[in-house]
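So the structure is just underneath, and the comments pick up after that.
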Amino acid sequence: MKSRPILLAASAALMLSGCISLGGDVPASLLNLSADTVPPPDSVRSGSAQTALTVVIPSVPQKLRTPRVPVETGGTEIAYLKDAQWVEPPARLFQRLLSETLSASGGRLVLTETELITGPGELLSGDLLDFSIDADSGQAVVTFQAMRLTNDGSMIAQRRFQARESVGELTPANAGAALNRAANRVAAEVSRWMAG
3 MKSRPILLAA SAALMLSGCI SLGGDVPASL LNLSADTVPP PDSVRSGSAQ TALTVVIPSV
63 PQKLRTPRVP VETGGTEIAY LKDAQWVEPP ARLFQRLLSE TLSASGGRLV LTETELITGP
123 GELLSGDLLD FSIDADSGQA VVTFQAMRLT NDGSMIAQRR FQARESVGEL TPANAGAALN
183 RAANRVAAEV SRWMAG
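Just so you know, the sequence shown maps onto residues 3 to 198 in the working numbering.
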């Protein structure tokens, strides 16, 4: 009789295992962003906290709070591209690419919020509004609403940047490459804006 509760518990566990998934299948390879312009390996940047630029992880809408690649059709429907997954969430990847591009564009010390030790100098934050594939146009779309806050808090500037790149055949590799190109174009435009 003691074996009956054990059998019941085992059969309940088997039934539950069919309903609960501890994680989906991971694709054979993951997508990543790489900056077109990076600082030289031996470059040294220094400066005070007051003159440094801190790049904050951008806010994202719900569709981008996943490592998957959204594909939009008709402006109202969203699906996710099969077998396409980022190595990290898009917001963190874009922040890193933006930091690399800004750091390579001049001698200014560029930090992320994880590297910030004391009070920040100038801040660059914003909203990564789009980082997806527009199936109707066959383009990768990256839209970043940037917000620049001066170190004394006296001035805030805001500007929207967008880049579109053709995807070609809709495959994970093509989608990742097109989004990488679009992200680099946006980062370069932000860098020029910040230098002005």
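Note that beta-carbon positions come from the ideal geometry of N, C-alpha and C, so glycine has one too.
On the three-state DSSP scale, how would you describe residue 23?
Bear in mind that the predicted position of residue 23 carries a pLDDT of just 32, short of 50, making it unreliable; the figure below should be weighed with that in mind. Of the three classes helix, strand and coil, the one that applies to residue 23 here is coil, per DSSP.
Start-to-end residues for the beta strand (DSSP E) that takes in residue 148
141 to 151
Going by DSSP in three states, residue 93 sits in which element: helix, strand or coil?
helix
Could you give the DSSP three-state label for residue 29: helix, strand or coil?
coil
Spatial distance of residue 191 from residue 71 (CA atoms):
23 Å
Suppose contacts are defined by Cβ-Cβ distances below 7 Å. Is residue 137 in contact with residue 165 by that definition?
no
Residue 188 in three-state terms, based on DSSP
helix
Quick one: Cα of residue 55 to Cα of residue 42, how far?
19 Å
Hey, is the region 127 to 134 in contact with the region 105 to 114, meaning 3+ C-beta pairs nearer than 8 Å?
no
How would you label residue 157, buried or exposed, when you count the other beta carbons within 10 angstroms and need 16 or more for buried?
exposed
Quick check on residue 142: buried or exposed, where buried means 16 or more other Cβ atoms within 10 Å of its Cβ?
buried
Any idea which residues DSSP pairs residue 132 with across the strands?
145
Taking only the alpha-carbon atoms, compute the straight-line gap between residue 77 and residue 139 and give it to the nearest angstrom.
11 Å
Look up residue 55 in the DSSP assignment and give the residues it is bridged to.
112, 124
Assign residue 197 to one of two classes, buried (16 or more other C-beta atoms within 10 Å of its C-beta) or exposed (fewer than that).
exposed
Judging by CA-CA distance, which residue of 153, 89, 179, 100 is the nearest neighbour of residue 40?
100
I'd like to confirm the pairing. Which residues does DSSP put opposite residue 73 in its beta bridges?
81, 135
Can you check DSSP and say which residues form a bridge with residue 167?
142
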